[in-house]
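The block underneath contains the structure these notes are about, expressed in structure tokens.
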Amino acid sequence: MGIGIIGLGRLGGPLARGLAAAGIAEVYGFSRSRDKAEQIARQAAGLTLLDSAAEVLRRSDTVFVWMAPGQVNEVLTANADALSHRPILVNCSPGQDLGAFTDRWVDTYPNVNSATGQGSTLLSWGPGLADPDKQRVRSLLEAVGVVYEVEPTQLDAYCALTSNGPAFYAFILQAWADTVAERHGLDVDLARSMVRQTMVGTVALQEAEGIDAAAVIAQVAHPGGSTEPGLAVLAADFRPMAERMLQAMGRW
517 MGIGIIGLGR LGGPLARGLA AAGIAEVYGF SRSRDKAEQI ARQAAGLTLL DSAAEVLRRS
577 DTVFVWMAPG QVNEVLTANA DALSHRPILV NCSPGQDLGA FTDRWVDTYP NVNSATGQGS
637 TLLSWGPGLA DPDKQRVRSL LEAVGVVYEV EPTQLDAYCA LTSNGPAFYA FILQAWADTV
697 AERHGLDVDL ARSMVRQTMV GTVALQEAEG IDAAAVIAQV AHPGGSTEPG LAVLAADFRP
757 MAERMLQAMG RW
């Protein structure tokens, strides 16, 4: 049997493209928006679009139910008869009680970076999965990035770093580039490109040398230079801002 994706939106779409890029075949998909689904299918070789969620469930032994929280129970309830072969259900809306439908389920928080093969997916196992089931799910998610196994009670907290993270990091990078560019009358697009490349290079440096942020800072900042005063502002202001963000997100 194949791999199913129900919901080809902002998370299911990148997953489909990522699985295709990894050379994984026999992937079945369904989305309520046919136009969106066809757009994804043009970008994901090996993705076969089906006409209903029930068809995806019946033809797959592992199904990524990557829809909005309110839609997951609705779709599974309407198609409960398509679950008789007990496919593994991979849920991206933790907090939904899939125990009413199966004992073979997984809670995940993916992120949009899966389309590049550089995704970060949080994962917490349900109670009824055997080791081969877990290995199958892990291997599929690892095809589109890194998988982090965490306790169910930790999912929401770590989500702020991974699933929410791309939006925050993109905002911070662009805001920094735009501030410098506007203050000095520079080319905004060029400034944004420089910031993105500098961030990519910084992460690559940390990975290549196995160093943390403090070691990078030590390589850049020196007494009397311009970096130290900027860091002092960050040290004073960033932690309170991060705490306010978590409070606003309901993750404090």
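Going left to right, the sequence shown walks through residues 517 to 768 as my numbering numbers them.
For every residue, glycine included, the Cβ atom is placed at its ideal position computed from N, Cα and C.
Note that the structure is a prediction, hence the values are computed from the model and not measured.
Practice task
Please determine if the segment 587-602 and the segment 623-633 are in contact, where contact requires at least 3 C-beta pairs separated by less than 8 Å.
Solution key: no
Handout entry: Inter-residue Cα distance where the pair is L706 and W768
Key = By 1-based counting over the sequence shown, the position of residue 706 is 190. By 1-based counting over the sequence shown, the position of residue 768 is 252. Taking the straight line from one Cα to the other gives about 37 Å.
Handout entry: Contacts around V653, its chain only, beta-carbon distance under 7 Å, and the 5 residues preceding and following it disregarded
Key = If you number the sequence shown from 1, residue 653 lands on position 137. Excluding residues within five positions, the ones whose Cβ falls inside 7 Å are T578, I604, V606, V622.
Exercise for the section: Excluding the 5 residues preceding and the 5 following A737 in the sequence, name in chain order all residues of the same chain whose CB lies nearer than 7 Å to its CB. Expected result: Here residue 737 refers to the residue found at position 221 of the sequence shown. Cβ within range, chain order: T743, E744, L747.
Handout entry: Beta-carbon separation (whole angstroms), V662 vs L638, contact threshold 8 Å
Key = Within the sequence shown, residue 662 is the residue found at index 146, counting from 1. Within the sequence shown, residue 638 is the residue found at index 122, counting from 1. At roughly 10 Å, the Cβ-Cβ gap does not stay under 8 Å, so V662 and L638 are not in contact.
Problem - Exposure of S576, with buried meaning 16 or more beta-carbon neighbours within 10 Å - result: Against the sequence shown, residue 576 aligns to sequence position 60. Buried, by the Cβ-count rule.
Problem - I604 - DSSP class collapsed to helix/strand/coil - result: Sequence index remark: in the sequence shown, residue 604 carries index 88 (1-based). Correct three-state label for I604: strand.
Handout entry: First and last residue of the uninterrupted beta strand (DSSP E) at T624
Key = One-based indexing of the sequence shown puts residue 624 at position 108. Here the beta strand (DSSP E) through T624 covers 621-625.
Practice task
Could you tell me how far apart the beta carbons of I519 and E542 are, in whole angstroms, since I believe they sit closer than 8 Å?
Solution key: Here the question's residue 519 lines up with position 3 in the sequence shown. Here the question's residue 542 lines up with position 26 in the sequence shown. That pair is a contact at about 7 Å.
Exercise for the section: Taking E590 as part of the beta strand (DSSP E), name the residues at either end of that continuous run. Expected result: Numbered from 1 along the sequence shown, position 74 holds the residue referred to as residue 590. Element bounds for E590: not the beta strand (DSSP E) but the alpha helix (DSSP H), 585-594.
Handout entry: Under 8 Å between C-beta atoms of M583 and A676
Key = Position 67 of the sequence shown, counted from the start, is the residue given in the question as residue 583. Position 160 of the sequence shown, counted from the start, is the residue given in the question as residue 676. Not a contact, by the Cβ cut-off of 8 Å.
Practice task
Would you kindly report the start and end of the unbroken alpha helix (DSSP H) that includes V716?
Solution key: If you number the sequence shown from 1, residue 716 lands on position 200. Element bounds for V716: 704-725.
Handout entry: Backbone secondary structure at T808 - three-state DSSP
Key = The structure shown does not extend to residue 808, since the chain is modelled only from 517 through 768, so no value can be given for it.
Practice task
Could you name each continuous alpha helix (DSSP H) segment of 4 residues or more that falls completely within the segment 735-766, going from the start of the chain to the end?
Solution key: 743-765
Problem - Top-ranked residue by Cα proximity to A619, from M715, D649, C608 - result: Here the question's residue 619 lines up with position 103 in the sequence shown. For clarity, residue 619 is Asp in the given sequence; the question names Ala instead. If we check each option's Cα against that of D619, D649 comes out closest.
Exercise for the section: Give every residue of the same chain whose Cβ lies closer than 6 Å to the Cβ of I733, excluding the five residues on either side of it in the sequence, and list them in chain order. Expected result: Counting from one through the sequence shown, the residue named residue 733 turns up at place 217. There are no such residues.
Practice task
From the DSSP output, in three-state form, read off E665 for me.
Solution key: For the purposes of this step, residue 665 is taken as residue 149 along the sequence shown, with counting starting at 1. Of the three classes helix, strand and coil, the one that applies to E665 here is strand, per DSSP.
Practice task
Provide the residue(s) that pair with V579 in DSSP beta bridges, ordered along the chain.
Solution key: As a position in the sequence shown, residue 579 is number 63, starting the count at 1. Paired residue(s): G520, L605.
Exercise for the section: Verify whether the separation of the beta carbon atoms of K552 and L527 is less than 8 Å. Expected result: If you number the sequence shown from 1, residue 552 lands on position 36. If you number the sequence shown from 1, residue 527 lands on position 11. Contact flag unset, no.
Exercise for the section: Find the nearest neighbour of S585 within the set C608, L566, R602, R574, judged by alpha-carbon distance. Expected result: As a position in the sequence shown, residue 585 is number 69, starting the count at 1. The residue asked about is misnamed: residue 585 is Pro in this sequence, not Ser. Comparing Cα-Cα distances from P585 to each of C608, L566, R602, R574, the minimum goes to C608.
Exercise for the section: Figure out for me which residue from Q559, L689, N680 has the closest Cα to the Cα of R712. Expected result: As a working mapping, residue 712 is identified with position 196 in the sequence shown. Cα-wise, what sits closest to R712 is L689.
Exercise for the section: Give the secondary structure of G539 by DSSP, where H, G and I count as helix, E and B as strand, and everything else as coil. Expected result: For the purposes of this step, residue 539 is taken as residue 23 along the sequence shown, with counting starting at 1. It is coil, neither helix nor strand.
Exercise for the section: Evaluate R699 with the Cβ neighbour count: other Cβ atoms within 10 Å of its Cβ, from every protein chain shown; 16 or more gives buried, anything less gives exposed. Expected result: For the purposes of this step, residue 699 is taken as the residue at position 183 of the sequence shown. Label assigned to R699: exposed.
Exercise for the section: Could you pull the start and end residues of the alpha helix (DSSP H) that Q641 belongs to? Expected result: In the sequence shown, the residue the question calls residue 641 occupies position 125. It is worth fixing the name first, because residue 641 is Trp in this sequence and not Gln. That residue, W641, is in no alpha helix (DSSP H); its beta strand (DSSP E) goes 635-641.
Practice task
Find out if the Cβ-Cβ distance for the pair E538, A659 is shorter than 8 Å.
Solution key: Indexing the sequence shown from 1 puts residue 538 at position 22. Indexing the sequence shown from 1 puts residue 659 at position 143. Checking the displayed sequence, the identity of residue 538 turns out to be Ala instead of Glu. It is a contact, given that the beta carbons lie within the stated cut-off.
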